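There are 2 protein chains.
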Amino acid sequence: MARPADPHARISLVTAARAAFVSHGVSGARIEDITAACKLSKGAFYLHFKSKEQLFGELVAELRAGMDALLEHRKATMTGFFGEHGPLTARDVHQRTSRYEQLLALEVALDREVLGLLWRYRDVFGVLVSGSQGTEYSGVVWEMAHREVQRVQDDFEAVKAYGACRTDVPSELFGSMVVGTWLLVAQQMSKLTEPPDLDQWVRALHRLIREGSAPPKPKHGKRTVRRRLAARLNTRSTQSRSRSRRGTAR
Amino acid sequence: MARPADPHARISLVTAARAAFVSHGVSGARIEDITAACKLSKGAFYLHFKSKEQLFGELVAELRAGMDALLEHRKATMTGFFGEHGPLTARDVHQRTSRYEQLLALEVALDREVLGLLWRYRDVFGVLVSGSQGTEYSGVVWEMAHREVQRVQDDFEAVKAYGACRTDVPSELFGSMVVGTWLLVAQQMSKLTEPPDLDQWVRALHRLIREGSAPPKPKHGKRTVRRRLAARLNTRSTQSRSRSRRGTAR
DNA sequence: CGCGTTTCTAACCCGTGGGTCAGAAATTGC
DNA sequence: GCAATTTCTGACCCACGGGTTAGAAACGCG
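If you read the sequences in order, they're chains W and Y.
At position 63 of the first sequence (counting the first as 1) the number is 63 in our numbering, and the numbers step up by one without a gap.
At position 192 of the second sequence (counting the first as 1) the number is 192 in our numbering, and the numbers step up by one without a gap.
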């Protein structure tokens, strides 16, 4: 009874728009470029979307919905865990009981899911960070980041209280460290095309954050690696940038 | 012999431009707004700058120069230190000799300088992160970040080699953690008007990165804080967002 | 004061790109 | 084949803002 719309039109427009947003930002992307990439005319764009911003808004909403869902999931999982195993004590932490190990595994899994979402929306995420100025979404990432900093911070405070983490560091900075790490990693993902080994990343980051960069204490102080720094430093010149020479990194 | 230019014109233009860039990004800032803020006409802008981008470029160049200078300073300081004290050994690290403590103090001081620079250029930095798309400077922050990740990573590798830091974590991720933290902190600074206690921040971040969030091991396992998590959790509802309940943060 | 010189103004030009709309094209049901 | 109807096209409109320029204003100097 009428001409049917090209079924691919809408999705291919969205795909083309995502790519255009990545390379030019939301305001920099030209609608004619987007439609041209789909072999459509400019007018066709407005059959599917009210405006460029509205299209971007849909993408942002998807990302947000994903994040919110994961947050819900996290909450449910955690109350489930504590319902089953009862609350943790400082002992659990210091002795690394299996209950504690389970909790850690759970958190790794949850964070892995977040990273997976960030991977799938890495383009939108990148645009939110550095290509959304002038739109109503320009503050969204920083709101998200701030919310996460708050959450991590609150958790840290709670854990401080029962002695399972250090108390000589402001919780806010701890939050910034965790979220900042995640943020840069997400940003780095936005330049990749092949998915990295996210499982490994999450586990490694967890270890780092929990235990820092310090080495495990030497077995008995005897027979530790004694090679001198100088030896190492003098044979390093070939590999990469020729500066950098000293103890722990900053 | 001629009409002298208003001596404040140029600086006040730069100041107004910085503010405009912050709130609308480089391409979003309107030259007429900038000049109006200085009670000048649009044409006056072009007496002082070739274009908007060129003005922004000057600011970026200043920031870059500052960073480069600090990097030079870091290199010089470090070679000086090792020249005087000789190379470090794993023993220094494990036993925290005064020589090692001195090195740490040096690094804290150097990082403090970086943070100070970031504070002074926090507006430019913020614009580089999220308001420079479409300009030739859109990649600058990520280049800077990547360079720093490389540096930290190289250092970490070097330190791994003589056993003074853990070896079970990819150096690249360590670099991302350090730089990501710095990045988010810088971003957060861009919203502040009063300078925070940068010394404290740097010290705390150093501790966190080196030692992680784990608590110092309990004196002898006896008499550790035994209050249960549940107690804590149930009296926390007043203070802030009412979710969050469990072990170490993510 | 008037001349030369540089600063500064404000009207102007114009490319760009978002958004619109009349009409062509395609498709379905009859 | 023929309406009826919806999709799609592409020329058009127009606001916006970067950049220009003619000329007015300000100043130093003789």
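C-beta atoms are modelled at their ideal positions from N, C-alpha and C, and glycine is treated no differently.
Just so you know, these numbers come straight off a predicted model, no measurement behind them.
Simplified DSSP assignment, three categories, for residue i
{"i": "residue 42 of chain Y", "result": "helix"}
{"i": "residue 176 of chain W", "result": "helix"}
{"i": "residue 194 of chain Y", "result": "coil"}
{"i": "residue 75 of chain W", "result": "helix"}
{"i": "residue 50 of chain Y", "result": "coil"}
{"i": "residue 29 of chain W", "result": "coil"}
{"i": "residue 106 of chain W", "result": "helix"}
{"i": "residue 225 of chain W", "result": "Residue placement at residue 225 of chain W is poorly supported in this model, since its pLDDT is 40, which falls under 50; the coordinates still yield a value, given next. Residue 225 of chain W: coil per DSSP, three-state reduction."}
{"i": "residue 14 of chain W", "result": "helix"}
{"i": "residue 150 of chain Y", "result": "helix"}
{"i": "residue 8 of chain W", "result": "coil"}
{"i": "residue 169 of chain W", "result": "coil"}
{"i": "residue 133 of chain Y", "result": "coil"}
{"i": "residue 219 of chain Y", "result": "Bear in mind that the predicted position of residue 219 of chain Y carries a pLDDT of just 49, short of 50, making it unreliable; the figure below should be weighed with that in mind. Here residue 219 of chain Y sits in coil by DSSP."}
{"i": "residue 98 of chain Y", "result": "helix"}
{"i": "residue 23 of chain Y", "result": "helix"}
{"i": "residue 181 of chain Y", "result": "helix"}
{"i": "residue 88 of chain Y", "result": "coil"}
{"i": "residue 3 of chain W", "result": "coil"}
{"i": "residue 214 of chain Y", "result": "coil"}
{"i": "residue 161 of chain W", "result": "helix"}
{"i": "residue 278 of chain Y", "result": "The structure shown has nothing for residue 278 of chain Y, since chain Y only spans 1 to 250."}
Selected residue, minimal CA-CA separation from residue i, among the options
{"i": "residue 203 of chain Y", "options": "Y/100, Y/110 and Y/188", "result": "Y/110"}
{"i": "residue 131 of chain W", "options": "W/53, W/73, W/154 and W/39", "result": "W/53"}
{"i": "residue 108 of chain W", "options": "W/205, W/65, W/184 and W/156", "result": "W/205"}
{"i": "residue 172 of chain Y", "options": "Y/184, Y/209, Y/100 and Y/146", "result": "Y/146"}
{"i": "residue 38 of chain W", "options": "W/25, W/60 and W/15", "result": "W/15"}
{"i": "residue 120 of chain W", "options": "W/60, W/133, W/40 and W/83", "result": "W/60"}
{"i": "residue 168 of chain Y", "options": "W/122, W/162, W/208 and W/160", "result": "W/208"}
{"i": "residue 215 of chain W", "options": "Y/183, Y/194, Y/159 and Y/77", "result": "Y/159"}
{"i": "residue 106 of chain W", "options": "W/183, W/10 and W/77", "result": "W/77"}
{"i": "residue 162 of chain Y", "options": "Y/3, Y/64, Y/20 and Y/88", "result": "Y/88"}
{"i": "residue 81 of chain W", "options": "W/21, W/91, W/102 and W/67", "result": "W/102"}
Whole-angstrom distance between residue j and residue i, CA atom to CA atom
{"i": "residue 118 of chain W", "j": "residue 188 of chain W", "result": "11 Å"}
{"i": "residue 164 of chain W", "j": "residue 93 of chain W", "result": "6 Å"}
{"i": "residue 74 of chain W", "j": "residue 23 of chain W", "result": "34 Å"}
{"i": "residue 229 of chain Y", "j": "residue 157 of chain W", "result": "With a pLDDT of 40 at residue 229 of chain Y, under the threshold of 50, the modelled position of this residue cannot be trusted, and the question is left open."}
{"i": "residue 186 of chain Y", "j": "residue 126 of chain Y", "result": "8 Å"}
{"i": "residue 57 of chain W", "j": "residue 50 of chain W", "result": "11 Å"}
{"i": "residue 30 of chain Y", "j": "residue 179 of chain W", "result": "34 Å"}
{"i": "residue 200 of chain Y", "j": "residue 113 of chain Y", "result": "13 Å"}
{"i": "residue 143 of chain W", "j": "residue 138 of chain Y", "result": "22 Å"}
{"i": "residue 36 of chain Y", "j": "residue 79 of chain W", "result": "57 Å"}
{"i": "residue 210 of chain W", "j": "residue 99 of chain Y", "result": "27 Å"}
{"i": "residue 212 of chain W", "j": "residue 197 of chain Y", "result": "23 Å"}
{"i": "residue 40 of chain W", "j": "residue 124 of chain W", "result": "23 Å"}
{"i": "residue 128 of chain W", "j": "residue 140 of chain W", "result": "7 Å"}
{"i": "residue 44 of chain W", "j": "residue 64 of chain W", "result": "28 Å"}
{"i": "residue 86 of chain W", "j": "residue 72 of chain W", "result": "20 Å"}
{"i": "residue 13 of chain Y", "j": "residue 67 of chain Y", "result": "24 Å"}
{"i": "residue 95 of chain Y", "j": "residue 166 of chain Y", "result": "16 Å"}
{"i": "residue 183 of chain W", "j": "residue 2 of chain W", "result": "48 Å"}
{"i": "residue 84 of chain Y", "j": "residue 155 of chain Y", "result": "20 Å"}
{"i": "residue 170 of chain Y", "j": "residue 170 of chain W", "result": "27 Å"}
Close Cβ partners of residue i (< 6 Å) along its chain, the five nearest in sequence each way excluded
{"i": "residue 8 of chain W", "result": "none"}
{"i": "residue 17 of chain Y", "result": "34 and 55"}
{"i": "residue 104 of chain W", "result": "none"}
{"i": "residue 10 of chain Y", "result": "48"}
{"i": "residue 136 of chain W", "result": "none"}
{"i": "residue 62 of chain Y", "result": "none"}
{"i": "residue 227 of chain Y", "result": "The predicted model places residue 227 of chain Y with a pLDDT of 40, which falls under 50 and marks its position as unreliable; any figure quoted below should be read in that light. Taken in chain order, the list of residues that qualify is empty."}
Contacts around residue i, its chain only, beta-carbon distance under 7 Å, and the 5 residues preceding and following it disregarded
{"i": "residue 221 of chain Y", "result": "Residue placement at residue 221 of chain Y is poorly supported in this model, since its pLDDT is 40, which falls under 50; the coordinates still yield a value, given next. Excluding residues within five positions, none has a Cβ falling inside 7 Å."}
{"i": "residue 70 of chain W", "result": "113, 114 and 117"}
{"i": "residue 32 of chain Y", "result": "42"}
{"i": "residue 181 of chain W", "result": "205"}
{"i": "residue 195 of chain W", "result": "119"}
{"i": "residue 21 of chain W", "result": "29, 56, 127 and 131"}
Spatial neighbours of residue i in its chain, beta-carbon cut-off 8 Å, leaving aside the 5 residues before and after
{"i": "residue 122 of chain Y", "result": "186, 189, 190 and 192"}
{"i": "residue 134 of chain Y", "result": "26 and 27"}
{"i": "residue 5 of chain Y", "result": "47"}
{"i": "residue 97 of chain W", "result": "91"}
May I ask you to verify whether the region 175 to 185 of chain Y touches the region 134 to 154 of chain Y, counting CB pairs closer than 8 Å and requiring at least 3? They touch, by the three-pair rule.
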